[in-house]
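Colleague: Pasting a structure below so you can have a look.
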Amino acid sequence: MANTIATKIVKNLQNGQFAAVTLQAGYAVTYDGKRLLFPPYARTVAEKRDKTGRCIKLICEYADGSRIKFTYSSVTGACYKEN
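Laid out in structure tokens, this is it:
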């Protein structure tokens with residue numbers, strides 16, 4: 012994998028347990044209240060929500076052109092991949 016903004020963020024997200032993540036605003040919150048700050052804000056390329064309003068798919072693009080694809084399922088949970 013290249014050394015992109017998206018690669019660094021995905022690696023950090025895969026190494027932790029987070030109560031909340033916002034790729035657009037650039038941070039994640041751990042269950043004990045600590046924040047993990049990301050590099051610059053992301054631009055939303057695509058987004059899909061379920062009937063309750065929960066985001067189930069999101070593609071964000073960063074300043075270097077790298078992208079993260081987020082998907083959520085009640086069965087498998089959250090998944091972050093470089094796109």
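Numbering-wise (our numbering), the sequence shown opens with residue 12 and increments by one. Ideal Cβ placement from N, Cα and C applies to all residues, glycine included. These figures come from a predicted structure and were not determined experimentally.
How is LEU24 classed by DSSP in three states: helix, strand or coil?
Modeller: Helix.
Colleague: Beta-carbon within less than 7 Å of ILE20's beta-carbon, same chain only, minus the 5 sequence neighbours each way: which residues are those?
Modeller: Closer than 7 Å at Cβ, skipping near neighbours: PHE49, ILE79.
Colleague: Taking GLY72 as the reference, give the member of ASN94, LEU24, TYR83, GLY88 with the closest Cα.
Modeller: Checking the displayed sequence, the identity of residue 72 turns out to be Glu instead of Gly. When each option's Cα is compared against that of GLU72, the closest is ASN94.
Colleague: Here's the rule: buried if 16 or more other CB atoms are within 10 angstroms of the residue's CB, otherwise exposed. What is ALA39?
Modeller: Under this definition ALA39 is a buried residue.
Colleague: Suppose the cutoff is 6 Å on Cβ atoms and the five residues either side in sequence are ignored; what does the same chain contact list for ARG60 look like?
Modeller: CYS66.
Colleague: Do THR82 and LYS68 come within 9 Å of each other at the CB atom, strictly closer than that value?
Modeller: In this structure, THR82 lies closer than 9 Å to LYS68 by Cβ.
Colleague: Would you identify the three-state DSSP class for ALA36, choosing helix, strand or coil?
Modeller: Reduced to three states, the DSSP call for ALA36 is coil.
Colleague: Just curious, the beta strand (DSSP E) that ARG65 is in, first and last residue?
Modeller: First-last for ARG65: undefined, no H or E at that position.
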